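Chains A and B, in that order, give the protein sequences. Position one of the first sequence corresponds to residue 2 (this note's numbering), numbered consecutively onward. Position one of the second sequence corresponds to residue 741 (this note's numbering), numbered consecutively onward. Here the structure is laid out as C-alpha cells; the discussion comes afterwards.
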Amino acid sequence: MKLFSVILAILFIMTNAHTSPIKTVELRSAKSPIVTFRLQFRIGAINDTEGKEGINAFTSHIIAQGGTKELSYQQVVEALYPWAAEIDVIADKEVTTFIGNVHKDHLEKFYKIFSDLILHPRFDEEDYTRLKDEGINYLQNSLRSTNDEELGKQTLQALLYEGHPYGTTNVGTVQGITATSLDDIVAYYQAHYTQSNLTIGIAGGYPKDFINTMLKDFSSLPVGKITVIDLPAPRAISNLEVTIVDKPARASAISIGFPIDVTRSEKDFYALMVANSYFGEHRTFNGVLMNKIRGDRGINYGDYSYCENFIQDGGTRFIMPNIPRRQQLFSIWIRPTKPEDAHFSIREALRELKKLIANGITKEDFETTRDFVKNYSKLWVQTQDRRLGFALDSKFYGTEFFIEKLEKELKSMTVNDVNNAIKKYLQFQNAAIAIVAGDAKELQEKLSANATSLIVYATKVPDTILEEDKDIINYSLHINKDKLKIVKADELFEK
Amino acid sequence: MEFDMIRFLVAFCAMQLLFTAVIHTAEKNKIFPYEINKEVLNNGLTVLSVPYESPGIIAYYTIVRTGSRNEVEDGKSGFAHFFEHMMFRGTKKYSSQAYNDIVKKLGSDANAFTSDDWTAYHLVASSSALETIMDIESDRFQHLEYSVDDFKTEAGAILGEYNKSYSNPFLSMFEKLQEAAFTTHTYKHTTIGFLKDIQDMPNQYDYSLQFFDRYYRPENCIVVVVGDFDQKKLMELTNKYYGTWERGNYVAEIPKEPEQNEEKIVTMTWKTPTLPMLMLGYHSPAFSDKNIDMPALDVFSQIYFSESSTLFQKLVIEKQLIEFIEGGAENHRDPYLFTIITRIKDKENIEKVRDEIYQTLSEAAITPVSAERLANVKSHMRYAFAMSMNNADAVAVTLGNYLQLTGDAESINRVYDLYEKVTPEDLVNVAKKYFSKENRTVLTLTQEETK
Chain A
2 MKLFSVILAI LFIMTNAHTS PIKTVELRSA KSPIVTFRLQ FRIGAINDTE GKEGINAFTS
62 HIIAQGGTKE LSYQQVVEAL YPWAAEIDVI ADKEVTTFIG NVHKDHLEKF YKIFSDLILH
122 PRFDEEDYTR LKDEGINYLQ NSLRSTNDEE LGKQTLQALL YEGHPYGTTN VGTVQGITAT
182 SLDDIVAYYQ AHYTQSNLTI GIAGGYPKDF INTMLKDFSS LPVGKITVID LPAPRAISNL
242 EVTIVDKPAR ASAISIGFPI DVTRSEKDFY ALMVANSYFG EHRTFNGVLM NKIRGDRGIN
302 YGDYSYCENF IQDGGTRFIM PNIPRRQQLF SIWIRPTKPE DAHFSIREAL RELKKLIANG
362 ITKEDFETTR DFVKNYSKLW VQTQDRRLGF ALDSKFYGTE FFIEKLEKEL KSMTVNDVNN
422 AIKKYLQFQN AAIAIVAGDA KELQEKLSAN ATSLIVYATK VPDTILEEDK DIINYSLHIN
482 KDKLKIVKAD ELFEK
Chain B
741 MEFDMIRFLV AFCAMQLLFT AVIHTAEKNK IFPYEINKEV LNNGLTVLSV PYESPGIIAY
801 YTIVRTGSRN EVEDGKSGFA HFFEHMMFRG TKKYSSQAYN DIVKKLGSDA NAFTSDDWTA
861 YHLVASSSAL ETIMDIESDR FQHLEYSVDD FKTEAGAILG EYNKSYSNPF LSMFEKLQEA
921 AFTTHTYKHT TIGFLKDIQD MPNQYDYSLQ FFDRYYRPEN CIVVVVGDFD QKKLMELTNK
981 YYGTWERGNY VAEIPKEPEQ NEEKIVTMTW KTPTLPMLML GYHSPAFSDK NIDMPALDVF
1041 SQIYFSESST LFQKLVIEKQ LIEFIEGGAE NHRDPYLFTI ITRIKDKENI EKVRDEIYQT
1101 LSEAAITPVS AERLANVKSH MRYAFAMSMN NADAVAVTLG NYLQLTGDAE SINRVYDLYE
1161 KVTPEDLVNV AKKYFSKENR TVLTLTQEET K
C-alpha cells in the first residue's frame, strides 16, 4: 500500500555551516503560517547539584514563565496574548528544551521576547517564590496524592535508578527545591546556559536568513564548554524488587521495568521497537498485554509496554519528542486494577513477557507489526512542531531523521533480527515493580507468600482463558523479599 | 443473539441513492479557511469533506450526535460512553480481532471519545486506505454484533476507566457540582456516569441493543473527511458503503432544566493531601450561532479568567494566593454551566479568593471593558484558532465539534463572526444576566482533617 510518501518530502536541512559552537536544526517551510522554535540546552535533571535537586527544572521554568530585563512576567503574558503565541519548556533528564510557537505575522516581536527570556532573564524574586511554591505543591499535593498512575511511574524510575543521576524526578525533591535560592539559580544559569550546550531548532515560515540573526544574538551567551556528565551504569536489579506506595486508593496502579542497554543510536533498537509494538503498543489494541489483560479479561482500562522512556505528547497517543536518554529502560504499564486483581495482573504481564522471550514472534506477526510501525510512525510527524522535536532527537542520538532511519531499518529487518533483539535485551527475572495501592500490607503479604491469586469474573469467560488462568494464578514470582517494601506516599520525593 | 435490525437492513439494500449536493466554497473573510463539501444521502447521512494539505493523509471521523445528554432513563448514566466501547466488539463480517487487524495493518491512529453531547469515532491514516476505512466503519455502524459475555467483559474496562481517574479530585468535583446544579436535565451526571450505574452496566445488555437501534442511525450521524482525498471517489464509496443504512426515527425527550432560584452550596473533603479547591457553576445558555449571549460569554471568559486577566495577575502573580484560575462555558446543545475553578494555596484564604471572584463578576456587570482590551481578546481568539489548524485531525475534530452542536458546518464561521460583534455592553449584559447569586452552585474541596 502506498503510504504517506510525500509527508517527509519537507525541506529538511541540518545546518552546521557556521563556526559558532551553537548547533542548528532547520526545517524551513515557506508556506507555513506558523514559526516554531525549539531551543535545546544539553542540560537536564542529571545536572542538578546535590542538595538542590530540581534546580535544572526550576531554572528553566523561571526563564520560560518569568520576565525579561525589560518586561515583567505579566507584561510578557500581556504582550504574547493578542497573538495567541505560546512559550513552554520541557526540562527532562538530559536536555532542556524551550518551545515557542507564533504566527508569522508576529515573528519579529515574538522573537525579541522569546530570545530575551533566555538571553536576559529577569530572575524576579516574585517569580521565584511563585514557581518554588508550584514545584513543592506539585510534589506534595499532586504527584503524591492525586495522580496514582504518574506516582507509580515516578516511583519506578526512582527505584530503578537509585544512586544514579536519573534517580530523582525532573522536578526534583521537596527539600531540593526548598534549599534552592534565587542566587543558586542565577549561578546555575551562568554555568550552563552556554553556546556550547545550545542547539537552535527552528521550523516553519520564517525568512531564509533568520537563523543567522539567531546565531548572532545567541552568541552573547558565554561560549562555555559542553557539560554532559558521564553516567554510571544503572544498578543491577536482583529478582523482583517491589515497592508498594501506601495511600488511600480505589484501585492499584502498577509499573514494572528494568534498564536496557540500547537506544535509537543502535540498529538493534529498531528491532526491539517492533517487538515492543507487538507486545504492548501504547494505547492501542495491538499489544499482547492489552488483549490479554483488558480485552480477554476486562481487568482494567489498558496495558502497554515501552522500549524507551515514554511520555505521551498531550492529547495525542504518540511519544513526546525531546526526552532522549543515553541509557534506556524497558517498562510495562498496567493501568489501575481492582486491588484484588493487582497480584494476578503482575503475574500475567510477567508471564507473557517470559513467553515472548521464550517463543519470540512469528514471521506473520513480525510482518504485520513491522508494517504497522512503518505506517504509524508517519503519523508522529504531522505537525512541524513535532517534526522539529524529532529532528533534535535525531541529532542527540547521532542518527539521520528518526522516521526515515526507522523506515530504512524496517526495510531490511527480518523476524530473526527481532527475536534476537528480544533475547538480547529483554528478561523477566530481574525487574523493579512499583505499585500504588490502598491495601499495601495485604498485597505485600500475598507477594511475599507467593500466594495463589484467584480471579473472579463478572461473566462467563471462554475455557481457553480459564485454562490459562490456572497457570497464571500460581505463576511463581521471584520476589526479592529483602527489597519488598512499603513506603508511605508522603515520604517519597522528599530528599 | 443477533440484532433484529440486521434483517431490516437486508431488505433495504436496494435503497435509492440520490445525493443532495451543496458545495460551499471557502471565503477569505471566514475564520474557517478551507473549502467544505457537504452532501446528504437520502437516508439522512451527512458527509462533509474538507480538502486540506496533508499529503497522503486523511482524518476520518464518524460523529454520532448522542452523548451522556441522551441518557434520559434512570440508572442508565454513562451508557453513551459505554456504548462507544462496545462499538469495537465486532460484526459478523469483521470480528473485533479482524477489525483491529485491519486498523493495525493500515498503521492508523484510531480511537473514539464520548462527551456530554456527542460521540466520535476517528482514524487518521493513509489516503489510500479510504475505501478500507469506509468499509469497516460503515459495517460496524450498521451491523454491530456482540455477545452478552463480551458486553459484561467490557463493563469491567469501564470500571477500570473510572478507577484510573478517581485518584484525581476533579472527577469527583464535577460529579458533585453537576449533581447539585442540575435537578432535572441529564447534565446532572458526568459523561462516565454515576458509579452505581457503572457497576450495574453488566446487567444492561438488552438496553444496549435498544441504544444502538435508537441512535446509531444515519440521520443522527455525520461523516467528516479531512485531508488528501478525491471528492468524486469519496462520494462513490459513500454510496457503496453507507447507502443501505436504514434511517431511524427516534427523538430523545431531553428534560428541560428549570431556572435555579437560590444559591447552592456543596462542600467536599478529600482523603489524601490536596490544596483546597473552589469550583463555581453558573447556569449558562446553550450554544448558539445566532444569539449573542454564548459568544459573549466565551469572550467574557477570556477577559476575566485567562492568564492576561486582572484577576489572574492579582491572585496568581501579585498576591500569589492561588496556583491557577480558569473560567468558561463549554459549548453544549442545551443550557449548561459557566464554570470557574481555582486552586488556593492556603485554606485560610478560600473565602478571600471566592470574594475576589465575586467582586470581579459584580464589577463586570457595571463597568464596560476598554475597546483595546476587547480588541486584544478578539485577536487572541482568531490567532489561537488559526494556530490550532495545524493538521488534518485537528481540522476534523474542530469542525466535528460545531457539527454535533447544530448539524451545520457554517456554525463555525457564524460564531466567529459573532465574536467580532461582541461589544463591551454585551459583556455587561451577560454579567448581569448570568452571574447572580441565585444562579450559582459553589463547591469547596478541602483536605480531610487528620484525626
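Backbone N, C-alpha and C fix where the C-beta goes; we use that ideal spot for every residue, glycine too. The structure displayed is predicted, hence computed values, not measured ones.
If we ignore side chains and look at the alpha-carbon of each, how far apart do residue i and residue j end up?
i                       : j                       : result
residue 777 of chain B  : residue 786 of chain B  : 10 Å
residue 879 of chain B  : residue 982 of chain B  : 8 Å
residue 903 of chain B  : residue 849 of chain B  : 25 Å
residue 892 of chain B  : residue 390 of chain A  : 42 Å
residue 1088 of chain B : residue 1015 of chain B : 11 Å
residue 825 of chain B  : residue 897 of chain B  : 9 Å
residue 218 of chain A  : residue 317 of chain A  : 34 Å
residue 765 of chain B  : residue 989 of chain B  : Low local confidence applies: a pLDDT of 41 at residue 765 of chain B is under 50, so the model's placement there is unreliable, and no value is given.
residue 1175 of chain B : residue 1078 of chain B : 9 Å
residue 107 of chain A  : residue 33 of chain A   : 14 Å
residue 228 of chain A  : residue 182 of chain A  : 22 Å
residue 81 of chain A   : residue 88 of chain A   : 9 Å
residue 828 of chain B  : residue 839 of chain B  : 8 Å
residue 345 of chain A  : residue 302 of chain A  : 15 Å
residue 804 of chain B  : residue 960 of chain B  : 6 Å
residue 495 of chain A  : residue 448 of chain A  : 27 Å
residue 221 of chain A  : residue 207 of chain A  : 22 Å
residue 444 of chain A  : residue 45 of chain A   : 36 Å
residue 195 of chain A  : residue 153 of chain A  : 35 Å
residue 150 of chain A  : residue 977 of chain B  : 43 Å
residue 253 of chain A  : residue 454 of chain A  : 15 Å
residue 70 of chain A   : residue 110 of chain A  : 16 Å
residue 761 of chain B  : residue 780 of chain B  : Annotation note: pLDDT 32 at residue 761 of chain B (below 50); position unreliable, no value reported.
Would residue i be called buried (16 or more neighbouring beta carbons within 10 Å of its own) or exposed?
i                       : result
residue 916 of chain B  : buried
residue 1160 of chain B : exposed
residue 772 of chain B  : buried
residue 1029 of chain B : buried
residue 353 of chain A  : buried
residue 463 of chain A  : exposed
residue 130 of chain A  : exposed
residue 116 of chain A  : buried
residue 837 of chain B  : exposed
residue 363 of chain A  : exposed
residue 122 of chain A  : buried
residue 1058 of chain B : exposed
residue 1042 of chain B : buried
residue 339 of chain A  : buried
When DSSP builds the beta bridges, which residues end up paired with residue i?
i                       : result
residue 122 of chain A  : A/69
residue 370 of chain A  : DSSP output for residue 370 of chain A lists no bridge partner at all.
residue 1020 of chain B : B/1080 and B/1182
residue 489 of chain A  : A/247
residue 308 of chain A  : Note: residue 308 of chain A sits in no beta bridge, so no partner.
residue 1149 of chain B : BP columns for residue 1149 of chain B are empty, so no partner.
Please list, in chain order, all residues of the same chain as residue i whose beta carbon is under 6 Å from its beta carbon, the five residues on each side excluded.
i                      : result
residue 282 of chain A : 288
residue 853 of chain B : 860
residue 967 of chain B : 792, 794, 797, 798, 799 and 1132
Which residues in the same chain as residue i place their Cβ atom closer than 7 Å to its Cβ, once the five residues preceding and following it in sequence are excluded?
i                      : result
residue 856 of chain B : 807, 808, 809, 927, 931 and 1072
residue 54 of chain A  : 169, 173, 174 and 177
Which same chain residues, not among the five before or five after residue i, have their C-beta less than 8 Å away from its C-beta?
i                       : result
residue 479 of chain A  : 240, 241 and 430
residue 876 of chain B  : 834, 839, 842 and 843
residue 1031 of chain B : 1025
- request: Let me know the alpha helix (DSSP H) ranges lying completely inside the region 832–905 of chain B, each 4 residues or longer, listed in chain order.
  value: 836–846 and 870–883
task: Just list the beta strand (DSSP E) runs in the region 759–830 of chain B, keeping only unbroken ones of 3 residues or longer that don't cross its boundaries, in chain order.
output: 760–764, 776–780, 786–791 and 797–804
message: Please give me, in chain order, every unbroken run of the alpha helix (DSSP H) with length at least 4 that falls completely inside the region 50–113 of chain A.
response: 56–65 and 74–81
- prompt: Can you list the beta strand (DSSP E) stretches of 3 or more residues lying completely in the region 919–1000 of chain B, in chain order?
  reply: 961–967
message: Restricting to runs no shorter than 3 residues, where is the beta strand (DSSP E) found entirely within the region 426–482 of chain A?
response: 432–438
In chain order, each beta strand (DSSP E) run of at least 3 residues that lies wholly inside the region 1006–1059 of chain B: 1017–1024
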